[in-house]
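See below for the structure under consideration.
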Amino acid sequence: ADAAPGATAQRVASLGARHVGRGAWSPDGQELAFGETFVAVTERIPIRVVSVDGGETRILIEAEAEGANLDPEWSPDGSRIAMFSFRKSFDLYTVPLDGGSWTRLTTSPSYDTSNHEPAWSPDGTRIAYATVRNGRRDLRLVSATGGTPVVLTDDAAEDWTPTWSPDGTAIAFSTDRSGNFEIWVMPVEPR
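Going by the UniProt record's numbering, the sequence shown opens with residue 1, and the numbers climb by one from there.
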């Protein structure tokens with residue numbers, strides 16, 4: 001798609017010398033949630049939010065005493081954020097925005113395991129994500145309320161950046177299975 005005629009990019013959030021992570025649009029399109037890059041995984045890094053019109057950033061999800069919060073993604077109904085939080089390992093959590101308790105969805109065995117790129121299913125019942133274990137990046141799927149993650153890919157290639165089809169029956173992802181990075185699509189059992 002082409003940029004709108006005369007369109008220019010504008011800054012909506014800055015943390016000064018800190019690097020912000022990717023922004024995640026709220027379902028109503030009014031805000032962007034984001035984390036930031038870190039030097040040490042034990043840094044206290046909250047999830048912040050900013051209006052797409054710019055303005056002051058505010059903390060949406062406070063960091064715990066020790067640990068970075070990364071890769072926020074709004075639930076389709078806007079009531080929760082899925083994100084990864086470091087507490088001895090990077091695990092996937094959902095956090096209700098009304099102040100309720102966090103739900104831990106994954107239990108990574110160690111610091112050597114990391115999880116990234118959560119993607120909510122269109123109906124908000126499942127979350128696909130990339131996981132790195134033993135130097136390999138594959139895709140997993142877990143219920144948004146918890147349970148045992150399902151292995152979507154288990155390949156020597158790098159599989160990452162899952163994204164759902166609008167009807168929730170397929171997941172597209174980036175992979176280097178052929179030697180070049182390409183987009184592949186796989187069917188997913190409907191709920």
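The beta-carbon is built from N, C-alpha and C at its ideal position, and this holds for glycine as well.
CB-CB length for residue 74 against residue 27, believed under 8 Å: Between residue 27 and residue 74 the Cβ distance is about 6 Å, and since that is below 8 Å, they are a contact.
Whole-angstrom distance between residue 22 and residue 165, CA atom to CA atom: C-alpha of residue 165 to C-alpha of residue 22: approximately 21 Å in a straight line.
Rounded straight-line distance, which links the Cα of residue 36 to that of residue 61: Going from the Cα of residue 61 to the Cα of residue 36 covers about 13 Å.
Per-residue burial, residue 77 [other beta carbons within 10 Å of its own, 16 or more giving buried]: Classification of residue 77: exposed, given that the 10 Å Cβ count is below 16.
Straight-line gap, residue 85 to residue 67 (C-alpha atoms, nearest Å): Taking the straight line from one Cα to the other gives about 7 Å.
Which of helix, strand or coil DSSP assigns to residue 9: Residue 9: coil per DSSP, three-state reduction.
Neighbourhood of residue 175 by C-beta, 6 Å cutoff - its chain only, sequence neighbours within 5 removed: Correct list, in chain order: 157, 159, 184.
8 Å Cβ cutoff met for residue 44 and residue 59: With respect to residue 59, residue 44 sits apart: the two C-beta atoms are not nearer than 8 Å.
Exposure label - residue 181; buried when at least 16 CB within 10 Å: Classification for residue 181: exposed.
Alpha-carbon to alpha-carbon, residue 10 and residue 30: So the two alpha carbons sit approximately 15 Å from each other.
C-beta contact flag for residue 95 and residue 114 at 8 Å: With a cutoff of 8 Å on beta-carbon distance, residue 95 and residue 114 are scored as not near each other.
N- and C-terminal bounds of the beta strand (DSSP E) containing residue 74: Its beta strand (DSSP E) spans residues 69-74.
First and last residue of the uninterrupted beta strand (DSSP E) at residue 44: Looking at the DSSP string, residue 44 is not in any beta strand (DSSP E), and its letter there is neither H nor E.
Cα-Cα separation, residue 71 to residue 140: Taking the straight line joining both Cα atoms gives about 16 Å.
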